[in-house]
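Engineer: Attaching a single structure in structure tokens format; questions to follow.
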Amino acid sequence: MEPPAAKRSRGCPAGDEPGTGARRSRPETLLDLSAKRVAESWAFEQVEERFSRVPEPVQKRIVFWSFPRSEREICMYSSLGYQPPEGEQDTRVPFTRGLHLLQSGAVDRVLQVGFHLSGNIRELGAPGEPEQVYRVSISFDRCKITSVSCGCDNRDLFYCAHVVALSLYRIRHARQVELRLPISETLSQMNRDQLQKFVQYLISAHHTEVLPTAQRLADEILLLGSEINLVHGAPDPTAGAGTEDANCWHLDEEQIQEQVREMLRARDSNGARMLILMTEQFLQDPRLALWRQQGAGMTDKCRQLWDELGALWVCVILSPHCKPDERSGWLQLLSTWDKLDVCPLEEGNYSFDIPSLQPALTSRTGSEDEEEEVTGTSPRRTVFSRALQAGELHWNDSHLQRILASDSCGPSITGNMGGDKPTFDPQGHPIWLGEPFPTACARVDTLRAHGYPHKALRLAYAIINTLRLQRRHQLESYKQQKKELLQKGATCVTSTEGWVGHPLDPIGCLCRALLEACRVEEELHNLFPDSAPEKRKLAYQHVPVPGSPGESYLALALEVALLGLGQQRALPEGLYAQDKVVRNEEQLLALLEEVELDERLVQVLRKQAGLLLEGGPFSGFGEVIFRESVPMHTCARYLFAALLPHDPDLAFRLALRAMRLPVLETTFPAGEAHPNPLDSIVSNRFPRWFILGHLETRQCELASTMLTAAKGDTKWLHAVLASVQQNIHSPALLFKLAQDACKTATPASAPPDTMLLGIALELGLQVMRMTLSTMTWRRREMVRWLVSCATEIGPPALMSIMKNWYSLFTPVEAVTIVAVTGTTHATLLRLQLDTTGREELWACARTLALQCAMKDPQNCALPALTLCEKNHAAFEAAYQIVLDAAAGGLGHAHLFTVARYMEHRGLPLRAYKLATLALAQLSIAFNQDSHPAVNDVLWACSLSHSLGRHELSAIVPLIIRSIHCAPMLSDILRRWTLSAPGLGPLGARRATKPLGTDRAPLCQLLDAAVAAYITTSHSRLTHISPRHYGDFIEFLGKARETFLLAPDGHLQFAQFLENLKQTYKGKKKLMLLVRERFG
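The working numbering numbers the first residue of the sequence shown as 153 and each following residue consecutively.
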């Protein structure tokens, strides 16, 4: 369907740039041209990151051009290409209705705030009914509508007419729309009083809707340390998309699925027609070809959409009442689509040719290499392959018909029906072994989707009976192989494919069918009249299974969910398939969490938990698991929380068994050193495990839940600690776990739990050991936290980490953080130590400081001296360490630093000693007048001058030997000639007048300065260029000042100049300048 042309008064056909009208003759400004390009391809967050400040006019033009400019897309997403009969204009189509609303002037109060458009649409009601006003909101980004909301509560598949009307108004009358920058920009211009007034007026205008939310947010903001205060900034729905956000047109995938399923349930033939229309439309998406050319994966949103389409086609093909010619036509279409190059592939490498459900299990002995080889030769499988395979299935099996026909299906007198396969279990319940488990569950979903809920429940019950029978045989098989498997300590995967995350979602199909039969909706509207209409409580009741006393559909739903979640299965191939496993698991657990556990369900829970623990290689909770099997952390967390009030022992045993993450475990030959623990989680070691980080986080959350629950229980606390130390390999997660345990152990309103604090400290110590050789940017935070945790426990713990610092901290960390933090006034007050206890702690800290100074004098000497200040013996020992280190190569910079500290502490002679040791290591060349040590040298000279003539005389030879920079020597000489040497060591003034340069020790320094000027002059003249002549003349001027300090300085300088003129007479221009300045 093509959108009709706009009214003539617009001055441009549909699809031209918005709102130009009579301005078409004018050339566009450079600002508009660039803003259009940016608006098409850049998320606004990218613009803000790229430029520190974006001027307001530029922001407004980018925001202006970010709305879609073509009516074609609006037409497509409101009709998906629907073509009315020739010569007719179908008023049922939302685009047509929206266009009529626009042309009749029904759109008003249109406002654009940033990337959010809102407006009111007035629509005439039926005869005798009042006019309706619908509030419409549209969010957009990069010329695509990303979300829509309308007061009409549209439940249709496409955009409603009101969204169409507002969109067309914005395209055709863009310059008439009031435009504002994102609301956060406006708020940033307000002061505190204005902000308070704004918030209060906003709440007053909408108090019934926003007051509970406003109060909750206020409480969180006022609570220090709350999650909202840890996040920088605040969300702004009008500020556009983020860099990582998907940029695609809004389409409600869940609504698509629900719409088609509703049609199928009503046995409306239009359901299949709509599905064909959608599939063809989506196959024309140009991004499919682009992604294929680039070898890139789809966005998650598109991937989920295609999954839903594939599942819907399975439902359509499996329809129990469709005609053969209809199915044949659908299969022909699917076959055509399946062969297209752009047809999306099914991810996850799930099998299509697995055997049917069997009551007995044939043990798999194939190696992992064989499994990989089989995997590598699998054929091309698209999202339609399962629907094509469903075309081979039928509903005329006699046993299947008996299951579907009656609730009282039982074994006949003649025995099993259906050939070699058993049709009933030993208890006489029907079972279904006709096909693979996912396919059988797809039948249940199909029956439910096509309006046969009772038949769906009967088949679901038969499938569950089959699973129960299969489990019994598996347990018997495991008992026979248990000793051998436990000795090996490993097994290959026993399930050919996982049921959670499977493209057909078999466990979800069964659970939803069973729970739907038990659901009771209780609207709380009467209790909460101001609450939103969607706020309802889901309740479930036990519905007995006909013909099976003691069974209920609710208990069956719980049982089958736990059976699927606890299945031992290999992680599938591909990022999306792995992410789908996680998402499907969370969806199933969300369903279970809606169910309130009563005594009956708790018994089911306990029984299933026990079976999972005893399930061997068939259970993810078994004693022996496959190295690359999906971890059970998320499922175990649900089971742990559910079982804890009723059977704590079982809850802990199950959760501890689930703590494993075997893919990170590596067996090393005897005698080989273990690699660094951090190496075990380097992503390139596990290229297939894309979600490893997520799995490790879930593992940590399970451990944290157990630690919190075990508070006060010594047995389980130590069991959890041992499991954590064995199974968690990420230092960052271990540290988070330690922090959580510490927080739990120190509640604000109760005494601390020292046992749990000890566990937190032990975890912190493990993190310190793991990261000691690798050093992460969080080490300082970790060390400070460890000291704080040890302080909470008490002095023994604090002194213990000080005494064992070698294995935990670097010398710098130990002396600058551990020792310092552990001896602060606040820490001492916290520990409530007496005088003896304080001295013992101080002695421990001083010992640590001296050990660190010996191990790393370069970085630890000064902190050690500072810590030992109040103890003479320790201070002397630290000082001696510095002297010994100076002989061993301690750098001049560090020696100068310690020397300045000594002077500041009132020990000038020791400062002088260290300064001379530093000078002995120093060498400043003739051209290094900006050397980093210049200030230190001048300070050392000032110190020696203040001490007296003896110290000054001793330092002069060191100065002459270490410094060859003429200006620097000259500067030192002048400083020493300005005043007499200062106080001596005994406080008596040794000299009454300044020293002369004609006598020792300054005469040697003067000679050295003169020699340095001469040497430097010749060196500079060797490669001098005319642009440096002026600098050289200034240099000679400074040299003359130094020469003149000598009695015969005039004569020496004249001879020096004459020598220069003779030697460099070829540099005529330079020598002319020399004569002009100096004669």
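We treat Cβ as the ideally placed atom computed from N, Cα and C, and that holds for glycine.
Confirm, please, whether the CB-CB distance from residue 1090 to residue 1097 is below 7 Å.
Structural biologist: Cβ distance not < 7 Å, so residue 1097 and residue 1090 don't count as in contact.
Engineer: Name the DSSP beta bridge partners of residue 692, please?
Structural biologist: Partner(s): 671.
Engineer: Taking all protein chains shown into account, do 16 or more other C-beta atoms lie within 10 angstroms of the C-beta of residue 1058, making it buried, or fewer, making it exposed?
Structural biologist: Under this definition residue 1058 is an exposed residue.
Engineer: For residue 1116, which option in 1095, 1086, 886 has the closest C-alpha, if you only look at C-alpha atoms?
Structural biologist: Nearest option by C-alpha distance: 1086.
Engineer: Where residue 248 and residue 257 are concerned, what is the direct C-alpha to C-alpha distance, given to the nearest angstrom?
Structural biologist: Cα to Cα, residue 248 sits roughly 15 Å from residue 257.
Engineer: For residue 837 and residue 814, I'd like the C-alpha separation in whole angstroms.
Structural biologist: At residue 837 the pLDDT is 47, less than 50, meaning the model places this residue with poor confidence; the figure from the coordinates comes in the next sentence. Taking the straight line joining both Cα atoms gives about 14 Å.
Engineer: Beta-carbon within less than 6 Å of residue 1193's beta-carbon, same chain only, minus the 5 sequence neighbours each way: which residues are those?
Structural biologist: There are no such residues.
Engineer: Based on DSSP bridge pairs, tell me the residues matched to residue 301.
Structural biologist: Bridge partners of residue 301: 289.
Engineer: Using only CA atoms, which one of 1161, 986, 1101 lies nearest to residue 1124?
Structural biologist: Looking at the Cα atoms, 1161 is the closest of the given residues.
Engineer: Starting from residue 330, trace the beta strand (DSSP E) both ways and give me its first and last residue.
Structural biologist: Looking at the DSSP string, the run of the beta strand (DSSP E) that includes residue 330 is 330-332.
Engineer: Can you tell me which of the three DSSP states residue 617 falls into?
Structural biologist: Helix, per DSSP.
Engineer: Where in the segment 1003-1052 do unbroken runs of the alpha helix (DSSP H), each at least 4 residues long, occur, reported from the N-terminal end onward?
Structural biologist: If we require 4 residues or more, the alpha helix (DSSP H) runs fully inside the segment 1003-1052 come out as 1009-1019, 1024-1039.
Engineer: Expressed to the nearest angstrom, what Euclidean distance is found between the alpha-carbon atoms of residue 904 and residue 863?
Structural biologist: For residue 904 and residue 863, the distance between alpha carbons rounds to 11 Å.
Engineer: Between the beta-carbon of residue 286 and the beta-carbon of residue 229, is there less than 7 Å?
Structural biologist: No, the pair does not count as a contact, with Cβ atoms beyond the cut-off.
Engineer: Give the single residue among 531, 611, 670, 262 whose Cα lies nearest to the Cα of residue 558.
Structural biologist: The shortest C-alpha separation from residue 558 is found at 611.
Engineer: Given residue 319, which residues of its chain have a CB within under 6 Å of its CB, disregarding the five upstream and five downstream residues?
Structural biologist: If we look at residue 319 and ignore the five residues flanking it on each side, its Cβ neighbours are 226.
Engineer: If we call anything under 7 Å between Cβ atoms a contact, is residue 1225 one with residue 1166?
Structural biologist: No, the pair does not count as a contact, with Cβ atoms beyond the cut-off.
Engineer: What three-state label does DSSP hand residue 722 in the structure shown?
Structural biologist: Here residue 722 sits in strand by DSSP.
Engineer: Spatial neighbours of residue 313 within its chain, please: CB distance less than 7 Å, with the 5 preceding and 5 following residues excluded, ordered by chain position.
Structural biologist: If we look at residue 313 and ignore the five residues flanking it on each side, its Cβ neighbours are 246, 249, 250, 253.
Engineer: Considering only residues of the segment 697-754, which uninterrupted alpha helix (DSSP H) runs meet the minimum length of 4 residues and lie entirely inside it, listed in chain order?
Structural biologist: As far as the segment 697-754 is concerned, its whole alpha helix (DSSP H) runs of at least 4 residues are 705-717, 727-745.
Engineer: Need the endpoints of the beta strand (DSSP E) that residue 268 sits in, please.
Structural biologist: Taken as a continuous stretch (DSSP letters only), the beta strand (DSSP E) holding residue 268 covers 268-275.
Engineer: Distance, Cα to Cα, residue 1143 vs residue 1051?
Structural biologist: Confidence is the limiting factor: at residue 1143 the pLDDT is only 49, short of 50, which leaves the residue's position unreliable, though a coordinate-based value still follows. When rounded, the distance between both Cα atoms is 25 Å.
Engineer: Helix, strand or coil for residue 779? Go by DSSP, reduced to three states.
Structural biologist: Residue 779: coil per DSSP, three-state reduction.
Engineer: Please confirm if the segment 477-492 is in contact with the segment 745-762, defined as three or more CB-CB distances below 8 Å between the two stretches.
Structural biologist: Verdict: no, contact absent.
Engineer: Should residue 761 and residue 788 be called a contact, given that it needs their Cβ atoms to be closer than 7 Å?
Structural biologist: The answer is no: Cβ separation not under 7 Å.
Engineer: Taking one C-beta from the segment 275-282 and one from the segment 320-336 each time, how about it: are there three or more such pairs within less than 8 Å?
Structural biologist: With a cut-off of 8 Å, the segment 320-336 and the segment 275-282 do not count as touching, because too few Cβ pairs lie within range.
Engineer: Applying the 10 Å Cβ sphere with the 16-neighbour rule, what's the burial state of residue 794?
Structural biologist: It counts as buried.
Engineer: Given 8 Å as the limit, is there contact between the segment 731-741 and the segment 651-667, that is, 3 or more CB pairs closer than that?
Structural biologist: Touching, per the Cβ criterion.
Engineer: Is the Cβ-Cβ distance between residue 1131 and residue 1071 less than 7 Å?
Structural biologist: The answer is no: Cβ separation not under 7 Å.
Engineer: Are the CB atoms of residue 1012 and residue 967 within a distance shorter than 7 Å?
Structural biologist: In this structure, residue 1012 lies closer than 7 Å to residue 967 by Cβ.
Engineer: Checking the sheet assignment: what are the DSSP bridge partners for residue 534?
Structural biologist: Bridge partners of residue 534: 497.
Engineer: Could you check where the beta strand (DSSP E) with residue 261 kicks off and where it finishes?
Structural biologist: Run containing residue 261: 259-265, per the beta strand (DSSP E) assignment.
Engineer: How many Å lie between residue 635 and residue 768 at the Cα?
Structural biologist: Roughly 11 Å between the two C-alpha positions.
Engineer: Go ahead and pull the three-state DSSP assignment for residue 771.
Structural biologist: Reduced to three states, the DSSP call for residue 771 is strand.
Engineer: Let me check one thing: in DSSP terms, what residues is residue 573 bridge-paired to?
Structural biologist: Paired residue(s): none; residue 573 is not in a bridge.
Engineer: Going by C-alpha to C-alpha distance, which of 752, 859, 718 sits closest to residue 791?
Structural biologist: Checking every option, the nearest Cα to that of residue 791 belongs to 718.
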